[in-house]
Amino acid sequence: MNAKTQIKSSLPAVILGAILIAIWQTSCVVFSIPQFLLPTPLSIAQEIAANHRDLLLNTWITCQEAALGFLIANILALALAVCMVYIKNLDKAVMPIAIAMKTTPIVAMAPLLLLWFGTGMLPKIMAAALICFFPVLVNSIKGFNALLENEEDLFRIYSASKTQLLLKLRFFRAAPFIFSALRISSSLAIVGAIIGEFVGANHGIGYVILVSSYHLETVRMFAALVMAALAGVVFYGIVSFFDAKIITWSQSPSDEIRLESPPKTLAERGPR
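Set out below in structure tokens:
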């Protein structure tokens with residue numbers, strides 16, 4: 005995808021965003037909505053400009069926590085997915101536990117993470133990892149098993165090892181599924197890190213949001229929310245960039261391999 009195509013594809017979102025911001029600004033002015041209830045986009049932009057260093061520093065801290073949690077979750081989820089593909093009945097033992105962890109709200113687990121890992125970056129990293137783990141695990145398993153009917157048999161005919169089958173076939177088929185999960189979990193990583201900061205932190209964008217809400221500094225709170233949203237967009241954009249670069253083929257997992265018959269000889273064609 006070239007630059008012109010990217011600009012054209014993002015243009016509708018930019019136009020819609022500009023319209024919504026204009027409606028927001030106009031509504032606040034026309035209806036005289038108090039700033040402590042709903043600040044105007046202009047006042048939020050002014051707050052970001054006035055305190056950009058502090059906001060950028062806290063956003064950077066949150067991004068570090070989210071990135072480390074995202075990386076840990078992906079490594080563990082991919083490793084476990086490979087084991088579940090090759091070890092019989094392991095999925096029956098692991099999936100109920102994984103589902104239980106997924107259905108438990110991360111907000112409820114955050115105090116435990118703080119109790120177990122202290123008040124440093126580690127509980128925020130673990131919160132980000134927990135919220136990212138399940139989507140990558142499920143999609144990886146689905147992708148590793150998304151083989152066409154004859155592909156695995158063909159590899160076995162050529163005496164391919166399990167490692168070759170995994171690296172050259174299963175990962176090939178699983179890549180679209182994995183990157184689909186990575187795009188989702190990349191933004192969730194920011195959410196997990198912020199939830200960890202809500203429970204116990206003295207820095208990070210979640211800390212800024214929490215302190216601002218205590219002091220009814222609504223403009224500053226909205227500015228922090230904007231920075232968190234931008235961080236999520238950046239994470240999503242980075243994963244999408246690597247998705248476009250790595251996956252250079254567009255074959256669907258549902259496509260079938262078609263083997264063409266060899267051309268007939270003159271004798272087989274018969275008389276004209």
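One gets the numbering used here by counting positions in the sequence shown from 1 and adding 4 to each.
Here a beta-carbon is modelled for each residue, glycine too, at the ideal position from N, C-alpha and C.
Between the CA atoms of residue j and residue i - distance to the nearest angstrom
i    : j    : result
S31  : E155 : 59 Å
G21  : A97  : 46 Å
S36  : P109 : 38 Å
H56  : A70  : 20 Å
M231 : F181 : 29 Å
P38  : V223 : 11 Å
G208 : G236 : 14 Å
V34  : I25  : 14 Å
A178 : L151 : 9 Å
A133 : M105 : 12 Å
S309 : L82  : One cannot answer for residue 309 here, as it falls past the ends of the chain, which runs 5 to 276.
L126 : V195 : 15 Å
G210 : F246 : 28 Å
E221 : L41  : 10 Å
A233 : A131 : 18 Å
D58  : A112 : 29 Å
I1   : Q168 : Outside the shown range of the chain (5 to 276) lies residue 1, about which nothing can therefore be said.
K12  : I251 : 21 Å
S163 : D95  : 27 Å
T107 : I242 : 28 Å
P100 : I23  : 45 Å
Neighbourhood of residue i by C-beta, 7 Å cutoff - its chain only, sequence neighbours within 5 removed
i    : result
A85  : L141, S144, I145, F148
S244 : R187
A102 : F138, L141
Buried or exposed by the 16-neighbour rule on C-beta atoms within 10 Å, applied to residue i
i    : result
F239 : buried
K128 : buried
N93  : exposed
S190 : buried
P16  : exposed
P1   : Because the chain in this structure spans residues 5 to 276, residue 1 falls outside the shown range and cannot be described.
F183 : buried
G124 : exposed
G73  : buried
T66  : buried
I198 : buried
A193 : buried
I52  : buried
Own chain partners of residue i with C-beta closer than 6 Å, once the 5 adjacent residues on each side are dropped
i    : result
V212 : N62, A228
W28  : P45
Neighbourhood of residue i by C-beta, 8 Å cutoff - its chain only, sequence neighbours within 5 removed
i    : result
N78  : C136, V140, L186, S189
F121 : P127, M130
On the three-pair Cβ rule with 8 Å, is the region 87-97 touching the region 205-220? no
Segment contact flag, the region 108-120 with the region 191-206, C-beta cutoff 8 Å, min 3 pairs: Contact between the region 108-120 and the region 191-206 is present: 3 or more CB-CB pairs across the two stretches fall below 8 Å.
As an exercise, report each continuous alpha helix (DSSP H) stretch of at least 4 residues that is fully enclosed by the region 82-113, in chain order. Runs of the alpha helix (DSSP H) inside the region 82-113: 94-107.
If you pair each beta-carbon of the region 160-174 with each one of the region 124-138, do three or more pairs fall below 8 Å? no
Does the structure place the region 157-166 close enough to the region 52-63 that three or more beta carbon pairs sit under 8 Å? Under the three-pair Cβ rule at 8 Å, the region 52-63 does not count as touching the region 157-166.
Which runs of the alpha helix (DSSP H) fall wholly inside the region 184-228 and span at least 4 residues, in chain order? 209-218
Below 8 Å, can you find three or more Cβ-Cβ pairs linking the region 219-234 to the region 45-55? As far as the Cβ criterion goes, the region 219-234 touches the region 45-55, which means the pair count is three or higher.
Mind listing, in chain order, the continuous beta strand (DSSP E) runs of no fewer than 3 residues lying wholly within the region 35-72? none
Mind pulling the beta strand (DSSP E) runs of 3 or more residues that sit fully within the region 110-134? none
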